[in-house]
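Undergrad:
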Amino acid sequence: MANLILILGDQLSPEISALQNADPNEDRIVMAEVADEAGYTNHHKKKLVLLFSAMRHFAGQLEQDGWQVHYHAFDPGSKHKSLEDVVAAQLKEHSLESVITTECGEWRLHDQISQWHTRLGVQVEIRPDTRFIASKQEFADWAEGRKQLRMEFFYREMRRKTGLLMTADGDPEGGEWNFDADNRKKWTGKPAAPATFRVEPDKITQAVIKLVDEHFEDHFGTTEDFHFAVTREDAEAALEHFIDYALPCFGDYQDAMSDTEDWLFHSILSPYINCGLLDPLSVCEAAAQAWYSGRAPINAVEGFIRQIIGWREFVRGIYWMLMPDYAEENRLGNSRALPWFYWTGETKMRCMHRAIDATRRNAYAHHIQRLMVTGNFALLAGIKPEEICDWYLAVYADAYDWVELPNVLGMVMHADGGYLGSKPYAASGKYIQRMSDHCANCHYKVSNSTEDDACPFNALYWHFIDRHRDDFEGNPRMGMMYRNWDKQDPDRREALLKRAEWLLDNVENL
Ligand code: FAD
Ligand code: SF4
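Spelled out as structure tokens, the structure:
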């Protein structure tokens, strides 16, 4: 009764459900770096290095622990281009009873694997991914019958379920569920942002860097200065580093942006959590412990935990509840192509340049850069959802369809009608000025709106408000914006719309 156990690149956990009750003497583990998965989008070079190297380290560990592992290393000449090819060849070569795997993070692949029982003529068992706190069914049950799905209420359920930051009486620690009001400070250079956690590439990682440079030369980004962890041990050290040096200020400066610092007080843990090197619940427990032992304040710890057991679980629930139709949504009717500067960073808009350039170098930008800079611009300019979604899926080391799609299509583009926010996160340059020091270094003037040197976000913001009157005027949270717009002098409104039209016609040259 030997089975083929398929472990995917984002399932690098010894506790993964596919391995439960498996027999190291009988069962055969299969892991594969295949052209179809590496090349179906323009994955950042650092994302490929992270995943291939972490997979190789994980496979090595499994072998050391006594498992039989078939590892298909990337080979451009291989006739096995897809996971299905590799699995089919293994089934042919060995007498294996069935395929066991854990549900994957992408509808596309899920759909393919679901057909293997007929295509490969073998029994296929797809097990739930128990690394998430809420199962897909649990989320669907919570969502059923609700008029509106609000993350905050779902989050409270997850707090109760996990007991994280809950008193023995079932109340939230600190007397509040949410301390976000304390988390909107601008960062002015003090306290100093901590040094980035770094792991020097070992021999395995160095070989993968060489491979990626050779075979994925035209992919986005660079392999230079690769310093991500690729083993569980190092990812745990990254978590400790975050708790010791960044978590205390994580809350205060969660929404801040800097012209000089790439990472600020963020955890940079999503690449590890998403590929399985870190367990999300253990990460939250470690953060909660930091509050109980007085090493970090409640606004930081609650805010951090909310991102993981709240937002992360919520977006996954939305994804699986609404796919595959979800990916086709475009409720604002956007039709503009993605400007080329998203791939080069060559734009005079300083905030955009900094966010895209950091993305190119690091395969990372923090949440507010993704939401309020590159995302906000795409929303205001009316970029086609599928093009901006493809960009986000390609450029970040933590990007997988289940988490990228709801964040971009829903939270940023409001293309789903509002599952991820009761109003769009649209903002003028004023927001960016309030939360960063970019504007002081910009070609454009944030205080101007209609002049030739005016910040593009300003006129584009009003153009967005004006062109989507039918979509948003009835939204109670947007009413004030429409009253403000209607109150403005007609000549000024005309000048703002004219400037916006010019910006949209010349979007490639901004
Ligand atoms: P921190 O700021 O330290 O936050 C802690 C953790 O909370 C993160 O590691 C992550 O696991 C979780 N988290 C925070 N916000 C979210 C969220 N909105 N959705 C899911 N998890 C969240 N996150 C991804 O993991 N993959 C993506 O592809 C992705 N794409 C995004 C695209 C856009 C347009 C936006 C606005 C957000 C996206 N996010 C994505 C969410 C968030 O920006 C990243 O999780 C975060 O920036 C990762 O950096 P960090 O680990 O330093 O996070
Ligand atoms: Fe960005 Fe406008 Fe500020 Fe320039 S002036 S950095 S474009 S918000």
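Residue numbering for the sequence shown follows my numbering, beginning at 19 and increasing consecutively. Glycine included, C-beta positions come from ideal geometry on N, C-alpha and C.
#1: At 4 residues or longer, and completely inside the segment 50-119: list those alpha helix (DSSP H) runs for me, N to C.
#2: Is the CB-CB distance between residue 407 and residue 431 below 9 angstroms?
#3: With a CB to CB cut of under 7 angstroms and the five nearest residues on each side skipped, what residues in its chain are close to residue 82?
#4: Out of curiosity, what's the CA-to-CA distance linking residue 15 and residue 238?
#5: Any heavy atom of the ligand FAD within a distance shorter than 8 angstroms of the CB on residue 384?
#6: Which of the three DSSP states is assigned to residue 21 in this structure?
#7: Tell me, which residues are paired with residue 472 by DSSP?
#8: Near the ligand SF4, which residues have their beta-carbon closer than 6 angstroms to a heavy atom?
#9: Is it the case that the CB of residue 123 approaches a heavy atom of the ligand FAD more closely than 8 angstroms?
#10: Would you say residue 418 and residue 129 are within 9 angstroms of each other, going by their C-beta atoms?
#11: Measuring alpha carbon to alpha carbon, tell me which of 21, 462, 150 and 167 ends up nearest residue 438.
#12: According to DSSP, simplified to helix, strand and coil, what is residue 143?
#13: Taking the alpha helix (DSSP H) that residue 406 belongs to, which residues open and close that run?
#14: Quick check: is any heavy atom of the ligand FAD less than 8 angstroms from the C-beta of residue 271?
#15: Does the distance from the CB of residue 124 to the CB of residue 90 come in under 9 angstroms?
#16: Is residue 68 near the ligand FAD - that is, is its Cβ less than 8 angstroms away from at least one heavy atom of it?
#17: When we look at the beta-carbon of residue 310 and count the other beta-carbons within 10 Å, is it buried (16 or more) or exposed?
#18: Could you check how far apart the C-beta atoms of residue 424 and residue 336 are, in whole angstroms? I think they sit under 8 angstroms.
#19: Is it the case that the Cβ atoms of residue 261 and residue 241 are separated by a distance below 9 angstroms?
#20: Please state whether the Cβ-Cβ distance between residue 295 and residue 30 is less than 9 angstroms.
#21: What is the chain-ordered set of residues for which the beta carbon lies under 6 angstroms from any non-hydrogen atom of the ligand FAD?
#22: Quick one: measure Cβ to Cβ for residue 188 and residue 320, integer angstroms, because I've assumed they're closer than 8 angstroms.
#23: With DSSP as the reference, please indicate the residues paired to residue 184 in a beta bridge.
#24: Helix, strand or coil for residue 313, going by three-state DSSP, please let me know.
#25: Reducing DSSP to helix, strand and coil, say where residue 47 ends up.
#26: Taking just the CA atoms, how far does residue 287 sit from residue 509?
#27: Check the DSSP bridge columns for residue 354 and list the partner residues they point to.
#28: Taking C-beta to C-beta, are residue 456 and residue 277 nearer than 9 angstroms?
#29: Check whether the Cβ of residue 225 sits closer than 8 angstroms to any heavy atom of the ligand ATP, and report yes or no.
#30: Leaving out five residues before and five after residue 348 in sequence, what residues of the same chain have Cβ atoms less than 6 angstroms from its Cβ?
#31: Determine the contact status of residue 496 and residue 441, defining contact as a CB-CB distance below 9 angstroms.
#32: Give me the residue from 351, 416 and 397 with the minimum Cα distance to residue 380.
#33: Closest by CA to residue 525, which one among 383, 62, 410 and 360?
#34: Using C-beta distances below 8 angstroms, list every residue in its chain close to residue 59, excluding the 5 sequence neighbours before and after it, in chain order.
#35: Helix, strand or coil, according to DSSP, for residue 457 in the structure here?
TA: In short:
#1: Entirely contained in the segment 50-119, the alpha helix (DSSP H) runs reaching 4 residues are, in chain order, 53-57, 63-82 and 101-111.
#2: In this structure, the beta-carbon distance from residue 407 to residue 431 falls below 9 angstroms.
#3: Counting only Cβ-Cβ distances below 7 angstroms, and skipping sequence neighbours, we find nothing.
#4: The first residue shown for the chain is 19 and the last is 528, placing residue 15 beyond what the model contains.
#5: Closer than 8 angstroms to some heavy atom of the ligand FAD: that describes the Cβ of residue 384.
#6: Collapsing the DSSP output to three states places residue 21 in a strand.
#7: 463, per the DSSP bridge assignment.
#8: Near the ligand SF4, meaning a beta-carbon closer than 6 angstroms to one of its heavy atoms, we find 367, 368, 369, 447, 450, 451, 456, 457, 460, 462, 464, 473, 474 and 475.
#9: Between the ligand FAD and the CB of residue 123, the shortest heavy atom gap is not smaller than 8 angstroms.
#10: The Cβ-Cβ distance between residue 418 and residue 129 does not fall below 9 angstroms.
#11: Checked all of 21, 462, 150 and 167; the closest Cα to residue 438 is 167.
#12: In the structure shown, residue 143 sits in a strand (DSSP, three-state: E or B).
#13: Bounds of the alpha helix (DSSP H) holding residue 406 are 403-413.
#14: No, the beta carbon of residue 271 sits no closer than 8 angstroms to any heavy atom of the ligand FAD.
#15: No, Cβ-Cβ distance for residue 124 and residue 90 is not below 9 angstroms.
#16: Residue 68 Cβ: outside cutoff for every heavy atom of the ligand FAD.
#17: Burial call: exposed.
#18: Rounded to the nearest angstrom, the Cβ distance from residue 424 to residue 336 is 5 angstroms, consistent with a contact under 8 angstroms.
#19: Annotated as distal: residue 261 and residue 241, with beta-carbon spacing of 9 angstroms or more.
#20: Going by C-beta atoms, residue 295 is nearer than 9 angstroms to residue 30.
#21: In chain order, the qualifying residues are 284, 285, 286, 287, 288, 291, 292, 322, 325, 326, 329, 330, 333, 384, 385, 388, 389, 393, 410, 414, 416, 417, 421, 422, 425, 426, 429 and 430.
#22: Contact between residue 188 and residue 320 is absent: CB atoms are separated by about 16 angstroms, not below the 8 angstroms threshold.
#23: Residue 184 is bridged to 190.
#24: Coil at residue 313, not helix or strand.
#25: Residue 47 falls in the strand class under three-state DSSP.
#26: Approximately 49 angstroms between the Cα atoms of the pair.
#27: Note: residue 354 sits in a beta bridge opposite 401.
#28: Residue 456 is a Cβ neighbour of residue 277, given a cutoff of 9 angstroms.
#29: For the ligand ATP, the structure offers nothing, since it holds only the ligand FAD and the ligand SF4.
#30: Contacts found: 403 and 433.
#31: Yes, they are a contact pair.
#32: Comparing Cα-Cα distances from residue 380 to each of 351, 416 and 397, the minimum goes to 416.
#33: Residue 360 is the option with its Cα nearest to residue 525.
#34: Answer for residue 59: 408, 411 and 412, listed in chain order.
#35: Note: residue 457 maps to helix in three-state DSSP.
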